[in-house]
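Sequential numbering of the sequence shown, starting at 122, is according to the numbering used here.
C-beta atoms are modelled at their ideal positions from N, C-alpha and C, and glycine is treated no differently.
Everything numeric in this text was worked out from a predicted model, so none of it was measured.
First up is the structure itself, then whatever we jot down about it.
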Amino acid sequence: MKTNFPGADYWVRRISEQEMPALGSMIRTLEQLAKDEVSSMAVLGRSIMHDNALTSRVLRVANSAIYNKGISQVTTLSRAAVVLGFDVIRNICITAKLLTSLLENKNMSPAVYQRLLKLMAHSFQSAMLTKMMLADYGEELQEEAFIASLLYHLGESAFWSVAGQPAEELDGLLTNCDDNISRLQVSRDYLGLSFNQLTQGLARSWGLGELLMKSLLNPDERTPEVRTIFLANKLSDVMSDSNASPEELQRRLRQCAELMALPITEFQQRLQLCLEATRRLSIDYGAKVLLQHLPKRETLAQLAPSPQLVPRVADVSILYG
């Protein structure tokens with residue numbers, strides 16, 4: 122198949138300059154901020170102060186069970202940054218802006234929109250798994266890994282959201298593909314590059330951080346954060362694939378449990394909690410539309426431990442500290 126497009130530079134420029142300049146600019150600005158809380162908070166405030174819906178969404182997430190550990194509600198961004206830390210609020214802002222920028226584009230066919238929803242649900246679930254699996258590490262690393270995992274498929278997500286007719290054409294070509302390998306090859310042949318390469322190009326252009334680039338370029342690296350991002354994505358793949366075998370799911374569960382040095386039954390308990398937390402947090406982010414593609418606790422019912430051993434769903438403290 123001969124590609125109609127000139128490659129990565131074309132798509133990076135088109136997405137960054139024509140289709141999503143506000144998203145790219147905001148992420149670039151927030152990623153470049155120095156660790157000066159006063160000036161950083163001022164820049165963050167300016168980045169979203171004119172978007173009341175985004176500000177409201179950020180505060181709703183900041184007051185969710187995942188982030189608000191029983192303290193009184195926060196009603197301003199500055200107060201949220203004091204209570205939760207700037208890195209947490211910055212990443213909540215990036216996540217909220219990413220979800221709204223990608224999902225609120227109305228110029229997609231129904232088929233392409235469903236493909237985007239499924240991919241965004243996968244990315245959000247992967248990010249939540251990554252954060253959960255790094256719960257014993259510092260908050261700064263957890264937040265950096267959460268964003269890296271969330272943006273792991275940024276190139277493909279952006280393509281489905283903004284490409285228009287090319288997205289519809291590629292969606293039609295992928296409909297007949299039976300496995301991930303053939304889908305990757307068809308996408309590469311059509312675009313003249315892989316979605317991974319497109320994500321790398323956007324990551325460089327938007328200054329998305331060393332960890333994301335490392336996880337894209339060296340996914341087999343054995344550092345805990347890169348290994349966690351890789352396995353979280355693989356586990357999300359299996360959970361969202363209706364054709365995946367129980368053996369493959371068990372294999373990924375074992376790998377994740379081993380990485381966390383946990384018995385597999387305890388990892389499954391934490392996974393069940395994480396799945397429910399992801400569903401509730403997607404609502405807080407105003408992305409309820411993702412629910413149809415997020416795995417449910419019942420998805421793993423045949424592998425779950427006895428009900429009396431499963432912690433209460435409302436208790437998310439063992440996941441995120």
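Span of the alpha helix (DSSP H) around residue i
i	result
Gly-285	Element bounds for Gly-285: n/a, residue is neither H nor E.
Glu-368	367-380
Asp-310	301-312
Cys-298	Per DSSP, Cys-298 belongs to no alpha helix (DSSP H) and is neither H nor E.
Pro-345	345-361
Gly-257	At residue 257 the sequence reads Asp, which differs from the Gly that was named. Run containing Asp-257: none; DSSP gives neither H nor E here.
Leu-147	In the sequence as displayed, the identity of residue 147 is Met instead of Leu. Segment 142-153, the alpha helix (DSSP H) holding Met-147.
Ile-215	207-224
Tyr-131	129-134
Ile-404	385-405
Glu-342	Unbroken run through Glu-342: none, as it is neither H nor E.
Glu-331	331-338
Val-179	173-183
Asn-317	316-327
Exposed unless 16 or more other CB atoms sit within 10 angstroms - verdict on residue i
i	result
Gly-259	exposed
Arg-400	buried
Leu-329	buried
Asp-405	buried
Gln-139	exposed
Leu-250	buried
His-274	buried
Glu-368	exposed
Lys-123	At Lys-123, the pLDDT of 47 sits below 50, so the modelled position is not reliable; the number obtained from the coordinates is stated separately. Exposed is the call here.
Ser-137	buried
Ile-210	buried
Ile-187	buried
Contact under 9 Å by Cβ, residue i with residue j
i	j	result
Ile-268	Asn-212	yes
Ser-403	Ala-242	yes
Ala-201	Leu-180	yes
Leu-294	Tyr-311	yes
Gln-263	Leu-255	yes
Asp-300	Met-381	no
Ala-279	Leu-319	yes
Leu-332	Gln-321	no
Phe-388	Leu-374	yes
Ser-199	Met-229	no
Min CB distance residue i to chain D below 9 Å
i	result
Ile-136	The structure shown contains no chain D; it is built from a single protein chain.
Selection from the options that minimises the alpha carbon distance to residue i
i	options	result
Asp-208	Gln-413, Ile-350, Glu-261 and Leu-255	Glu-261
Glu-346	Gly-322, Ala-324, Ile-210 and Cys-377	Cys-377
Gln-235	Ser-282, Lys-252, Gly-206 and Leu-250	Ser-282
Ala-174	Cys-214, Glu-379 and Asn-354	Cys-214
Ala-408	Gly-128, Leu-255, Arg-178 and Ser-161	Arg-178
Leu-392	Glu-368, Ile-302 and Ala-248	Ala-248
Ala-183	Arg-167, Val-203 and Ser-146	Val-203
Ile-350	Lys-252, Ser-137 and Ala-232	Lys-252
Ser-88	His-171, Thr-344 and Arg-372	Outside the displayed range of the chain (122 to 442) lies residue 88, so it cannot be described from this structure.
Asp-172	Ala-186, Gln-153 and Met-147	Met-147
Val-233	Met-162, Asp-292 and Gly-145	Asp-292
Ser-327	Arg-149, Tyr-131 and Ala-129	The sequence given here has Trp at residue 327, not Ser. Comparing Cα positions, the closest option is Arg-149.
Ala-143	Val-164, Glu-379, Ile-169 and Val-195	Ile-169
Leu-240	Leu-224, Asn-228 and Ser-230	Leu-224
Distance between residue j and residue i (C-alpha atoms, nearest Å)
i	j	result
Asp-244	Ile-385	Here residue 244 turns out to be Ser, not Asp, going by the sequence shown. Taking the straight line from one Cα to the other gives about 23 Å.
Ser-222	Met-141	7 Å
Leu-151	Leu-238	25 Å
Leu-415	Gln-246	7 Å
Ala-365	Leu-412	20 Å
Val-133	Thr-197	34 Å
Leu-314	Ser-336	18 Å
Gly-285	Val-307	18 Å
Glu-290	Glu-277	14 Å
Pro-432	Glu-397	With a pLDDT of 44 at Pro-432, under the threshold of 50, the modelled position of this residue cannot be trusted, and the question is left open.
Leu-424	Val-359	Bear in mind that a pLDDT of 47 at Leu-424, under 50, signals an unreliable position, so the number given afterwards is only what the model happens to contain. Near 14 Å, if we compare the C-alpha coordinates of Val-359 and Leu-424.
Thr-176	Gly-166	9 Å
Phe-316	Ser-193	43 Å
Asp-362	Gln-153	37 Å
Arg-325	Ala-353	23 Å
Val-434	Leu-394	At Val-434 the pLDDT is 43, less than 50, meaning the model places this residue with poor confidence; the figure from the coordinates comes in the next sentence. Distance between the alpha carbons of Val-434 and Leu-394: 6 Å.
Gly-206	Thr-296	44 Å
Arg-135	Ala-129	10 Å
Gly-145	Cys-298	32 Å
Arg-348	Ala-266	11 Å
Lys-190	Ser-303	45 Å
Leu-305	Leu-383	34 Å
Leu-430	Lys-417	Residue placement at Leu-430 is poorly supported in this model, since its pLDDT is 41, which falls under 50; the coordinates are not used for a value here.
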